[in-house]
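Per numbering that gives the first Met the number 0, residue 0 is the first one in the sequence shown, and the count goes up by one each step.
For every residue, glycine included, the Cβ atom is placed at its ideal position computed from N, Cα and C.
From a predicted model like this one, the values you see are computed outputs, not experimental measurements.
Taking it in order: structure first as structure tokens, then the write-up.
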Amino acid sequence: MKPVCNSVSVCVPATSANLGSGFDVAGIALDYADSLIFTLDDTLDDSQDVRVIIHGEGEDTLPKDETHLVVRAFRKACEAFDLPHLRFTLEAHNRIPQARGMGSSASAIVSGVAAAWAFAHNGNLNKQAIFELAAAIEGHPDNVAPAVFGGLTTSWKNGDEFHTVRYGVSKQIRATIFVPNFTLSTQMARKALPEKVPYADAVFNVSRACLLPIAFGDFGDFSAFADSRDSANSCDSCVKSTLSRNDLLFTATQDAIHQQYRASLMQPTWDLVKALRDKGFAAAISGAGSCAAVFYEEKSPATVDENNATNISEKIEKIAEPLLSGCDWKVLHVHVDSIGVAITRE
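Here it is in structure tokens:
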């Protein structure tokens, strides 16, 4: 099959997986993306079939040859989509931090697979096909799914097949991401986990994970969801004892089965998560770490509190400030991405 175009531009969002309770199944897309351009190039000399140019994150550390993860995923996808061995230039504009728990590996795989699909087919992306192949390459679908579809996803593997369900996310949900200057590999983080967890802890996480679609969901009038403590009396009493969105986000992101076991591998991040949760904020380790993510609804008129903070993001930074002196942190305030991977052909 011949390519249907000469160049493909791909935009893939960062992601945050686990979200506290949803270990290995839940993930959300963030409006903070890598942009890559794949251009067919017959001018390359005989010693190379790919030229890799990297700007931004990883420009001094990532490989610039066939071993680059984007290139490897692209090659596998070209085979799957019946494309020949293409010679091309890859120019990557990277914003997603590497090995920090924001889905950099998943985004790299998704970008390679999406580009190959776009070279092989006209029309809109077949996101289901891209998800299935990218998840097979990655081995875990929890970061791949939101990178492909956007929004909040719950994913699972059934035999050799990967599946996901996408949920819409309220436009008022925001995230603050604390990015430290130290990395943590997913392999190291996974080795820190016990082979078994207590039954009560497993039930604890299941109950919280079931709340994630409602806590993040786009339901319009959130007051329709109520605390059930008084629901036995009447519908009126049920409405009067509603939980706020931020209360439910806090509960939904509670965890008992993975973060505590990984804490010593990223103690500054864990200390930050605990400090924010002690103040009632829905903080969690992002993915396997080392980033911390805080999720909240920002819709109320700004009011000044005792720390002279005028909105929730400022309040979060004020709480975190004493804990950020130990290393060089970057603080990102982002929206949730609702689109997922996107392409442009030329």
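Checking the DSSP bridge columns, you'll see P12 partnered with A32. For the 7 Å CB-CB criterion, G339 and F148 form a contact. In the three-state reduction of the DSSP assignment, R94 falls in the coil class. Shown here, S285 sits in coil according to DSSP, grouped into three states, outside any helix or strand. Secondary structure of N157 (DSSP, three-state): strand.
Secondary structure of T88 (DSSP, three-state): strand. No Cβ-Cβ contact shorter than 7 Å links L275 with L183. Taken through DSSP and simplified to helix, strand or coil, T175 comes out as strand.
Taking the Cα positions, L68 is about 16 Å away from A13.
Within the model, the alpha-carbon separation for K329 versus R71 is close to 30 Å. Taking one beta carbon from each stretch, the segment 29–39 and the segment 105–122 have 3 or more pairs nearer than 8 Å; the two touch. Straight through space, the alpha carbons of N142 and A128 are spaced by roughly 16 Å.
Between A133 and the set F80, N204, V272, L323, the nearest pair of CA atoms involves F80. T152 sits buried, since 16 or more C-beta atoms from the chains shown fall within 10 Å of its C-beta. Taking C-alpha positions only, G325 is separated from I318 by approximately 15 Å.
Looking at the backbone, the Cα of R86 and that of N310 are separated by about 50 Å. For a cut-off of 8 Å, the C-beta gap from V333 to I315 is around 13 Å, too long to register as a contact. DSSP places E316 within a helical segment (H, G or I) once states are collapsed to three. Boundaries for V335: no alpha helix (DSSP H) harbours it, and the DSSP string shows neither H nor E there.
Excluding sequence positions up to five before and after V51, its CB lies within less than 6 Å of the CB of K63, H67, L89, all in the same chain and listed in chain order.
When C-alpha distances from D246 are compared across E58, R207, V3, the shortest belongs to R207. For the pair G279 and N123, the Cα-to-Cα distance works out to about 42 Å.
Cα atoms of E65 and D270: separation of roughly 39 Å, rounded to the nearest angstrom. In this structure G102 does not touch A76 by the C-beta definition: roughly 18 Å separates them, more than the 8 Å allowed. Put simply, of P179, I342, H257 the residue whose alpha carbon is nearest the alpha carbon of A291 is P179. L124 carries a coil assignment under DSSP once its states are collapsed to helix, strand and coil. Between G167 and G216, the beta carbon gap of about 6 Å places them in contact (Cβ cut-off 8 Å). Separation of N204 and K156 (C-alpha to C-alpha, rounded to the nearest whole angstrom) is 19 Å. Between the alpha carbons of A214 and G286 lies a gap of roughly 19 Å.
Residue environment for S15: buried (at least 16 other C-beta atoms within 10 angstroms of its C-beta).
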